[in-house]
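These notes concern the structure reproduced below.
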Amino acid sequence: MGAHKLNMMICPHDTAKNPEKWFRFVQYLNHHLTVPVHLSISLDFKDFHDHFRAADIVYANPVDAIALVTGHSFQPLVRPTNLYDEVVFIAHPEVANPTLQSYQGQSVATVEQSAANHLALALL
């Protein structure tokens, strides 16, 4: 049985900056798909997270994407290419000639609730 409509949610970071582009995108989808797409805008992350289960399609930031895949059984459809987050390794000034090999077996500090931290924990 086919869906009567698809409910699309967008990360609040993205709709806050330029909501018009998302309305135009949904218009494009509605023009080219046989199933109508409805755009649900969340004003904040609490509302966004509270309504994940009501969504059929979600454009999410990396942290929420991990939660959707691991906790809500969503399937990734697309991913960005040639876009990278930065990871910085900082060595104490007394470490002579620090390399990635010098981190083997050592403790590493991370920023809690950061995208890189969530991704690393999900992959480990």
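For the sequence shown, my numbering gives the first residue as 160, with consecutive numbering after it.
Ideal Cβ placement from N, Cα and C applies to all residues, glycine included.
- Around the beta carbon of H251, fewer than 16 other beta carbons sit within 10 angstroms, so the residue counts as exposed.
- Spatial neighbours of M167 in its own chain (CB-CB distance under 6 Å, excluding positions within 5 residues in sequence) are listed in chain order as V196, L198 and I216.
- Counting only runs that start and end inside the stretch 174-202, the beta strand (DSSP E) elements of at least 3 residues fall at 196-199.
- Assignment of V217 by DSSP, reduced to helix, strand and coil, places it in the strand class.
- Of the candidates F233, I225, R183 and V222, F233 places its Cα closest to the Cα of R212.
- Of the residues assessed, F207 falls on the buried side of the cut-off, its CB having 16 or more other CB atoms within 10 angstroms.
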